[in-house]
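Single-structure report; data block below.
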């Protein structure tokens with residue numbers, strides 16, 4: 020039976036966790052320990068009471084999430100926060116969080132996998148940070164309508180903002196929130212972005228600068244990397260794994 024320390028060490032190394040300068044609240048890495056052994060891996064996008072309850076009910080004792088528990092910490096361990104943490108303790112379920120490293124990874128990252136869904140191979144970084152690029156971009160040979168059709172085949176809801184070229188030559192990818200990607204898109208000379216969601220004011224920005232933006236859902240565009248990391252860990256350590264879905268429409 021593999022140890023918790025072994026899985027954490029492999030996940031940290033595989034995702035280059037220490038290289039990325041993430042938001043302070045991300046607190047990437049092991050956030051909650053268990054008794055030290057792992058028998059089943061889980062993957063979820065978010066920390067929260069419902070994903071924790073479902074993971075424990077499924078027998079998961081090592082849960083990988085993209086959004087960890089500490090974005091809004093410190094908080095008193097009372098009320099819903101107490102219940103959330105107690106669910107992990109009672110279920111002997113370790114919690115491992117990995118944010119930007121799992122967005123930008125060139126093989127198992129959300130953005131590389133978004134591109135792969137469209138049959139594309141990224142060849143340029145997008146949104147460079149100190150530790151590496153968060154997003155990526157790839158050449159596109161189809162029309163804007165072709166892109167919309169392919170995305171609609173993959174995602175339940177696609178919101179198109181079509182103010183750019185009808186035949187874009189390159190697509191940038193930024194999973195989750197695309198708010199920080201919009202100005203970077205212009206700097207990169209790319210007019211088409213696939214992302215999760217945007218604040219309302221970016222519509223005018225896209226109109227004024229002639230950009231295409233396809234919003235496929237914050238949650239929906241970030242289910243990929245946690246599953247890829249969980250599957251890789253499961254194969255390496257000969258363990259079962261399961262995706263813990265929470266029907267998040269946002």
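Numbering (this note's numbering), first residue to last: 20 to 269.
Note that the Cβ used here is the ideal one computed from N, Cα and C, for glycine as well.
Residue 178 counts as exposed, since fewer than 16 other beta carbons sit within 10 angstroms of its beta carbon. Approximately 18 Å separates the beta-carbon atoms of residue 155 and residue 230; this is outside 8 Å, ruling out the contact. With fewer than 16 other Cβ atoms from the protein chains shown falling within 10 Å of its own Cβ, residue 147 counts as exposed. Taking a contact as a CB-CB distance under 8 Å, the pair residue 40 and residue 150 counts as one, their CB atoms being some 6 Å apart. Taking 8 Å as the cut-off, the Cβ atoms of residue 214 and residue 124 do not count as close.
Contact annotation: residue 240 and residue 195 have beta-carbon atoms nearer than 8 Å.
DSSP places residue 247 inside the alpha helix (DSSP H), whose first and last residues are 243 to 256. Of the candidates 95, 75, 46 and 97, 46 places its Cα closest to the Cα of residue 86.
Around the Cβ of residue 218, a 10 Å sphere holds fewer than 16 other Cβ atoms; the residue is exposed. Taking all protein chains shown into account, residue 107 has 16 or more neighbouring C-beta atoms within 10 Å of its C-beta and is therefore buried. The beta carbon of residue 94 sits closer than 6 Å to the beta carbons of 100 from its chain, once the five residues preceding and following it are set aside; these are given in chain order.
Distance from residue 232 to residue 180 at the Cβ level is roughly 4 Å; contact confirmed, criterion being Cβ atoms closer than 8 Å.
Membership of residue 63 in the beta strand (DSSP E) is indicated by the continuous run 60 to 65. The C-alpha of residue 246 is placed about 21 Å away from the C-alpha of residue 53. As the crow flies, the alpha-carbon of residue 236 is around 9 Å from that of residue 175. In this structure, residue 188 sits near residue 158, with a CB-CB distance shorter than 8 Å.
In the structure shown, residue 234 adopts extended strand secondary structure according to DSSP, grouped into three states. For residue 128, there is no enclosing alpha helix (DSSP H), as DSSP marks it with neither H nor E.
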